[in-house]
Amino acid sequence: MYYYFYKKKSVQRFLLLLLLILFSSCKKNFIPLESSIVKIDNLEVDEVDFKYLSTKSKFQYKNENQLINATLNTRIERDEKIWFSVRVALGVEAARGLITKDELTIIDRVNKQVIISSPDIIERTFKIKLNFQQLESILIGNLLYDISSNDQLLKEGTYFKIVQQKESIQSQNLVNMKTSKIEKLILFDEITNYLLTVDYENFKPLGKILFPGRHLFTSISYLENSSVPIINNINFNYKEVERTNKPLKFPFNIPSKYAVKKI
283 MYYYFYKKKS VQRFLLLLLL ILFSSCKKNF IPLESSIVKI DNLEVDEVDF
333 KYLSTKSKFQ YKNENQLINA TLNTRIERDE KIWFSVRVAL GVEAARGLIT
383 KDELTIIDRV NKQVIISSPD IIERTFKIKL NFQQLESILI GNLLYDISSN
433 DQLLKEGTYF KIVQQKESIQ SQNLVNMKTS KIEKLILFDE ITNYLLTVDY
483 ENFKPLGKIL FPGRHLFTSI SYLENSSVPI INNINFNYKE VERTNKPLKF
533 PFNIPSKYAV KKI
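Residues in the sequence shown are numbered from 283 upward in steps of one, following my numbering.
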């Protein structure tokens, strides 16, 4: 069932969660007992390399109160900008966004407004630190952090598990030993208890590499002074993926009559 975004707060939170997917008081240990430590030198991760990337996907957003089905088009210039367009029923564009290292701008066509913010809106809203490159990596299934000698590498069955600690954030990547592709990402903030899991599935050829044709995102967060979890799910099913060295267009014209809201 298709829904328009009738409430401004719902619109803003949905779009910001999309960015988190497009950029949870006790320390949790994700490492199971059936693990054996191996040398970092034995690890090989097949990452998606590109200059420009364009995608089209069907996605479903679900939480306790909402169910939204839509189409998402994205265009990425690596390490520079991320453009996206969200279309709902009958192909109507509900929102268009542009993310750079310095600014985040969303054209909210439902409420006829423009939302402008800095990239740290992700941290302020979801209580987890993610920079532009890390957000980009989540979208395409690459490593968030460079491998270092401080990381722990475990072997679990047919998978390598990379465990990394960056300040209060613990990240884990499950890498298929046969394909060298990341199939699961877990991010956990030990201060805020924010938890994000991403499952990468249905890998398809993209030139000489493999690209995950399905992304399953689950985020769990908590309001201040509350132990009740807020659970959000977004499922992406990619219909088109194109990698190119030719510059893409990033159309982004702000209507002059739209109200501007800075957050």
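C-beta atoms are modelled at their ideal positions from N, C-alpha and C, and glycine is treated no differently.
Since we're looking at a predicted model, the values are computed, not measured.
- The criterion of a C-beta distance shorter than 7 Å is satisfied by GLU326 and SER462.
- Around LYS460, the same chain offers THR440 as residues with beta carbons nearer than 8 Å, after the five sequence neighbours per side are excluded.
- Bridge partners of PHE366 according to DSSP: THR356 and GLY379.
- The beta carbon of TYR540 sits closer than 6 Å to the beta carbons of LYS394, GLN395 and VAL396 from its chain, once the five residues preceding and following it are set aside; these are given in chain order.
- When DSSP states are grouped into helix, strand and coil, ASN475 belongs to the coil group.
- Between the C-alpha atoms of LEU372 and THR526 there is a straight-line separation of about 29 Å.
- For GLU522, the uninterrupted beta strand (DSSP E) run begins and ends at 511-526, by DSSP.
- In the three-state scheme derived from DSSP, where H, G and I count as helix and E and B as strand, ASP481 is classed as strand.
- Under DSSP, ASN458 shares a beta bridge with TYR441.
- The continuous stretches of alpha helix (DSSP H) do not include GLN395, which lies in the beta strand (DSSP E) extending over residues 395-399.
- The beta-carbon separation of LYS486 and TYR334, rounded to 19 Å, does not stay under the 8 Å limit for a contact.
- Secondary structure note for PHE414: its alpha helix (DSSP H) is the uninterrupted segment 414-422.
- In this structure, GLN342 lies near ASN351, with their beta-carbon atoms less than 7 Å apart.
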